[in-house]
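Going by the numbering used here, the residue at position 313 of the sequence shown is 335; the numbering climbs one at a time, nothing skipped.
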Amino acid sequence: MKQHIFFTGFMASGKSRTGRALAERLGYPFIDTDAEIVNRAGKSITDIFAQDGEAVFRQMEHDVIEEITKNETPQVISLGGGALNQPENLKIIRNSGTIVRLWAKPEILSERIGRKNTRPLLANLSDEERLAKIKTMLKEREPIYAQADFSIESTNDANESHVIERLLHLLKFWKSHALDVLPSSGGRYPIFIGKNIIPETSCLLEGLCLSPKYDFLVCTDTTIAKVQNEALHQLRGQAGRCPIFKFQAGERNKTLHNLNQLFSFMLHRGYTRKSCLLQFSGGVVGDMAGFGAATYQRGIPFIQFPTTLLSMVDSSVGGKVAVNHPEGKNMIGAFYQPQAVVCDLSVLKTLPWNEYLAGLAEVVKYGVIYDEEFFSYIEQHVEDIKQKKNDILRHLIFRSCQIKAEVVSIDEKESGLRAILNYGHTFGHAIEKLTNYEMFSHGIAVSLGMRVAARVAVSLGMLDESAEKRQNALLDALGFPKSFNVNTEAAWNAMAIDKKAEKGSRVYILPTKIGEVQKVVNVDKDIIAKSWSAIQAKEA
Ligand SMILES: NC(=O)c1ccc[n+]([C@@H]2O[C@H](COP(=O)([O-])OP(=O)(O)OC[C@H]3O[C@@H](n4cnc5c(N)ncnc54)[C@H](O)[C@@H]3O)[C@@H](O)[C@H]2O)c1
Numbered sequence: 023m024k025q026h027i028f029f030t031g032f033m034a035s036g037k038s039r040t041g042r043a044l045a046e047r048l049g050y051p052f053i054d055t056d057a058e059i060v061n062r063a064g065k066s067i068t069d070i071f072a073q074d075g076e077a078v079f080r081q082m083e084h085d086v087i088e089e090i091t092k093n094e095t096p097q098v099i100s101l102g103g104g105a106l107n108q109p110e111n112l113k114i115i116r117n118s119g120t121i122v123r124l125w126a127k128p129e130i131l132s133e134r135i136g137r138k139n140t141r142p143l144l145a146n147l148s149d150e151e152r153l154a155k156i157k158t159m160l161k162e163r164e165p166i167y168a169q170a171d172f173s174i175e176s177t178n179d180a181n182e183s184h185v186i187e188r189l190l191h192l193l194k195f196w197k198s199h200a201l202d203v204l205p206s207s208g209g210r211y212p213i214f215i216g217k218n219i220i221p222e223t224s225c226l227l228e229g230l231c232l233s234p235k236y237d238f239l240v241c242t243d244t245t246i247a248k249v250q251n252e253a254l255h256q257l258r259g260q261a262g263r264c265p266i267f268k269f270q271a272g273e274r275n276k277t278l279h280n281l282n283q284l285f286s287f288m289l290h291r292g293y294t295r296k297s298c299l300l301q302f303s304g305g306v307v308g309d310m311a312g313f314g315a316a317t318y319q320r321g322i323p324f325i326q327f328p329t330t331l332l333s334m335v336d337s338s339v340g341g342k343v344a345v346n347h348p349e350g351k352n353m354i355g356a357f358y359q360p361q362a363v364v365c366d367l368s369v370l371k372t373l374p375w376n377e378y379l380a381g382l383a384e385v386v387k388y389g390v391i392y393d394e395e396f397f398s399y400i401e402q403h404v405e406d407i408k409q410k411k412n413d414i415l416r417h418l419i420f421r422s423c424q425i426k427a428e429v430v431s432i433d434e435k436e437s438g439l440r441a442i443l444n445y446g447h448t449f450g451h452a453i454e455k456l457t458n459y460e461m462f463s464h465g466i467a468v469s470l471g472m473r474v475a476a477r478v479a480v481s482l483g484m485l486d487e488s489a490e491k492r493q494n495a496l497l498d499a500l501g502f503p504k505s506f507n508v509n510t511e512a513a514w515n516a517m518a519i520d521k522k523a524e525k526g527s528r529v530y531i532l533p534t535k536i537g538e539v540q541k542v543v544n545v546d547k548d549i550i551a552k553s554w555s556a557i558q559a560k561e562a
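What follows is the structure in structure tokens.
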């Protein structure tokens, strides 16, 4: 269980003082790992380093961390400077609590350290020398501090109770922290899932070191601006009343032309690289604003506040951002990760049933491609899912994001495993293209595509017919459309320019059982054509 609160930060950042004050406020014990080591060794850290060497110190530090984190009573723990640098410590610490980084401006640190003059590494230096050395050390240690879940400023003027109030606010928000995504290219970002959490996000912006340094802008679409007006303004208020930019709702507006209007809006208002986009919408604007963030002045931070189920379980996670081109969907894009994803379940209240269903298609997909147990969970909770019950929704979103995060952490850029996420998509994209992206939303098209893909797998002898039936029965129970008549030749041609087609070959993701899929290249055209019968309307 994640019950402890860990403090990290540079010397004199106030870890012990603030840690103690927080512990007192919460009624938790306070432990300083360095003090604990000194206590156990019966000598100072300087002496341990000098007499026994750093390796002995690190082992003692590891033993202390391992032991105290086993305690089931929540504790506030101040960590020594190098503790997070050891991967085995980091793993234990992450699994057992929240890591808070306390930071202060170098000038403030220098003034505090100089006043006492007791830190061996920075003793007996002039003010200028000490400040310069602190700046260099902070730069070197930044990768360690970046491991913290959130940061909080320790200023000289703020009295302790003010810092504690901010910390308590952040820790309350962090209760909705569900998981972290660790893209294979490095970095890490948190996903939050909770009810009514948008009005609490000002502390998140501070905790991610964006507020008050950055200028914010909220992106949304015209429909959401109407139906989620209150939440939109709550979000805007979190970032200090920032402007709102509205795209026209709808897939056909996911264009470079419309994105350029966002760029003009930002340039005319003087947004610099120190800007952050808060995108409050479904996958269409999410993809567009994300690509905007990836390219505006060579990249600015953005946070996803998804408003559709599909964008919560799929498009907001994984870092694919793009706009469409007349030649194909998502043809112009990038891989660019958000700073965080905030899924507020409350906004799903206004989501039309069809859009909700579109998200459920992706949820079912995760069960089919990766996790039979999750598939069974969905089967067992069909009625609760239809009623959008919060606890069930939270689990659906959590497990879906977890599966996607797991896949993306192995293969961010779709050179291998990530392709399994395209289950149902090759056929679904063909349906979307043949219907000008107007008849079905993306998720519904994917659900039809899953039926066709399962039929291809059965035709190839890879999948039991009973598994195909099980998948389709769940889709039926949830209320997905069962049929759509396609011109198989037109569909074959539409699939040819699917960007998932590898050069000279066609790639299909096909199930071998519920919970497992395989990549298959170049299936016979006839088998594909016949498999469309899986969604052909039956003659009366
Ligand atoms: N980046 C990725 O990895 C990825 C993955 C899957 C899908 N996508 C993309 O996502 C897009 C589809 O996303 P989507 O299904 O969220 O569509 P969407 O963004 O168009 O939203 C669907 C409709 O619902 C409305 N809406 C959104 N939230 C609402 C709410 N809370 N209440 C009422 N109405 C609301 C929107 O205005 C829109 O009309 C596609 O463009 C697809 O390519 C991207």
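We put the CB at the ideal spot given by N, CA and C, even for glycine.
CB of residue i within 8 Å of CB of residue j, strictly
i	j	result
M288	L254	no
L201	A427	yes
Y358	G341	yes
K296	D237	yes
G381	G308	no
A362	P212	yes
R258	C225	no
I425	Y388	yes
L443	V429	yes
V203	V339	yes
L147	F172	no
K351	A441	no
Cβ-based neighbour list, residue i, same chain, cut-off 7 Å, excluding 5 preceding and 5 following
i	result
E487	V480
G102	T55, D56, E83
A34	L131, R134, I135
G209	Q359
S337	G305, G308, D309
Q250	T329, V369, T372
Rounded separation between residue i and residue j - CA only
i	j	result
R473	E401	17 Å
L331	A145	56 Å
A518	L456	13 Å
R510	E222	Per the sequence shown, the amino acid found at residue 510 is Thr instead of Arg. Answer to the nearest angstrom: the Cα atoms are 50 Å apart.
I550	K276	30 Å
F420	S118	19 Å
I322	T68	43 Å
G438	R116	28 Å
S207	C231	22 Å
M461	R274	12 Å
W125	I536	49 Å
R42	A105	19 Å
V86	N107	15 Å
T176	A72	Before going further, note that residue 176 is Ser rather than Thr in the sequence given. Roughly 32 Å separates the two Cα atoms.
E151	E164	20 Å
Q25	T91	9 Å
S555	L496	19 Å
F506	S422	27 Å
Anticipated Cβ contact below 8 Å, residue i with residue j, distance rounded
i	j	result
D229	I186	Checking the sequence shown, residue 229 turns out to be Gly, not Asp. Between I186 and G229 the Cβ distance is about 15 Å, and since that is not below 8 Å, they are no contact.
L415	L367	6 Å
A499	V404	5 Å
V364	F327	5 Å
L153	E182	About 25 Å separates the two Cβ atoms, so there is no contact after all.
L299	C241	6 Å
Q301	G312	7 Å
I114	E88	6 Å
V543	V529	6 Å
I220	Q256	5 Å
V122	I27	6 Å
Contacting residues, own chain, Cβ-Cβ under 6 Å from residue i (five flanking each side not counted)
i	result
Q270	T244
A513	A452
K37	F29, G31, S100, L124
E58	V86
K504	none
Own chain, CB closer than 8 Å to residue i, minus 5 neighbours either side, in chain order
i	result
P51	A45, T95, Q97, V98
P234	E228, G262
K410	L370, K371, Y378
K435	S206, S207, F357
N412	K217, L367
Any non-hydrogen atom of ligand 3 within 7 Å of residue i CB
i	result
P360	Of the ligands one can find in the structure shown, namely ligand 1, none is ligand 3.
Per the contact definition of three or more C-beta pairs closer than 8 Å, is the segment 70-83 in contact with the segment 128-135? The segment 128-135 makes no contact with the segment 70-83, as fewer than three CB pairs between them are under 8 Å.
Would you check if there are 3 or more beta carbon pairs closer than 8 Å linking the segment 375-382 to the segment 348-355? The segment 375-382 makes no contact with the segment 348-355, as fewer than three CB pairs between them are under 8 Å.
Check whether the segment 436-453 touches the segment 259-268, counting contact only when three or more Cβ pairs, one atom from each stretch, lie closer than 8 Å. Proximity of the segment 436-453 to the segment 259-268 falls short of the contact definition, fewer than three beta-carbon pairs being nearer than 8 Å.
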